[in-house]
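Student: Residue 371, in the working numbering, is where the sequence shown stops; the numbers in between run on with no holes.
Where is the CB? At the ideal position from N, CA and C, for every residue including glycine.
Every value quoted in this text rests on a predicted model; they were computed, and no experiment measured them.
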Amino acid sequence: MGTNGSTMLEPLRQGLPPLDPAAVSDAASCALPARYEAVRDARQFTRRTLDQWDLGERFDDVCLVVSELVTNALRHALPPHHARVPEQQPPVRLHLMRWTERLVCAVRDPSKESPVARETDDFSAESGRGLFLVDSFSDSWGWHPLAGTLGGKVVWALFRLHPCGD
206 MGTNGSTMLE
216 PLRQGLPPLD
226 PAAVSDAASC
236 ALPARYEAVR
246 DARQFTRRTL
256 DQWDLGERFD
266 DVCLVVSELV
276 TNALRHALPP
286 HHARVPEQQP
296 PVRLHLMRWT
306 ERLVCAVRDP
316 SKESPVARET
326 DDFSAESGRG
336 LFLVDSFSDS
346 WGWHPLAGTL
356 GGKVVWALFR
366 LHPCGD
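1) Less than 6 Å between C-beta atoms, sequence neighbours within five positions excluded: which residues of the same chain meet that for Gly261?
2) Ordered along the chain, which non-local residues of its own chain (more than five positions away) have a Cβ less than 7 Å from that of Phe342?
3) Note down the Cα distance separating Arg365 from Leu224, rounded to an integer number of angstroms.
4) Excluding the five sequence neighbours on either side, which residues of its own chain have a C-beta within less than 7 Å of the C-beta of Ser230, listed in chain order?
5) With a threshold of 16 other CB atoms inside 10 Å of the CB of Asp314, please say whether the residue is buried or exposed.
6) Note down, in chain order, each residue of its chain lying with its Cβ closer than 7 Å to the Cβ of Ala243, except the 5 sequence neighbours on either side.
7) Using a threshold of 8 Å, is the CB atom of Trp258 nearer than that to any non-hydrogen atom of the ligand MN?
8) Give the secondary structure of Gly160 by DSSP, where H, G and I count as helix, E and B as strand, and everything else as coil.
9) Would you mind giving the Cβ-Cβ distance between Gly353 and Ser316, rounded to the nearest angstrom? I have them listed as a contact below 8 Å.
10) According to DSSP, which residues form a beta bridge with Lys358?
11) Apart from the five residues just before and just after Leu351, which ones in its own chain have a Cβ nearer than 8 Å to its Cβ?
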């Protein structure tokens, strides 16, 4: 059993969000094409969905996190340009799920690589900073590899919602 340094990344691997999928009250998802305009599409989809669920006041935080997760998926999960099969299966999928007091956004991508938050002093370095934003704006986040035919991974972020009476 060779060690390839991946044990360093283990703290990021938090598994599934601590929520019962059977108890979800609302769910929506959209497939995103392998193009950077997909980030804009993801934001528009998030805006429409949160408005429908009367969660428009959480849009700014959720949208920032969705943008980062989708950008990361597109940047790190797509095969090299020449290897892309034109529009076969959109490789990235955004899921939004709501429970009574929780909202989860999850982004599926075809890469098995773990998301890595890079410690960096270079603030012009885009790469790796997005996960610090995800960590700051969401209440918790994590990722897990997908099993079976899908392959790839899901990166998720959880937001606490205020009960309606607040």
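Tutor: Reading it off the structure:
1) Along the sequence shown, read from residue 1 onward, the residue named residue 261 stands at position 56. Excluding sequence neighbours, Gly261 sits near Leu255.
2) Here residue 342 refers to the residue found at position 137 of the sequence shown. Excluding sequence neighbours, Phe342 sits near Asp266, Leu269 and Val270.
3) Counted from its first residue, the sequence shown places residue 365 at position 160. Counted from its first residue, the sequence shown places residue 224 at position 19. Answer to the nearest angstrom: the Cα atoms are 12 Å apart.
4) Position 25 of the sequence shown holds residue 230. If you ignore the 5 residues before and after Ser230, its C-beta comes within less than 7 Å of the C-beta of Arg303, Trp304 and Thr305, all in its own chain and listed in chain order.
5) As a first step, residue 314 must be located in the sequence shown, where it is residue number 109. So Asp314 ends up on the buried side.
6) Stepping through the sequence shown from its first residue, residue 243 is reached at position 38. Closer than 7 Å at the Cβ level, and outside the excluded window around Ala243, lie Leu237, Val275, Leu279 and Val297.
7) The model on display carries no ligand, and the ligand MN is accordingly not part of it.
8) Residue 160 falls outside the range modelled here, since the chain spans only 206 to 371, and no answer is possible.
9) Numbered from its first residue, the sequence shown carries residue 353 at position 148. Numbered from its first residue, the sequence shown carries residue 316 at position 111. Contact between Gly353 and Ser316 does not hold, since the beta-carbon distance rounds to 16 Å and is not under 8 Å.
10) Indexing the sequence shown from 1 puts residue 358 at position 153. Beta-bridge pairing links Lys358 to Asp314 and Pro350.
11) Start at 1 with the first residue of the sequence shown, and residue 351 comes out as number 146. Result list for Leu351: Arg313, Gly357, Lys358 and Val359, in chain order.
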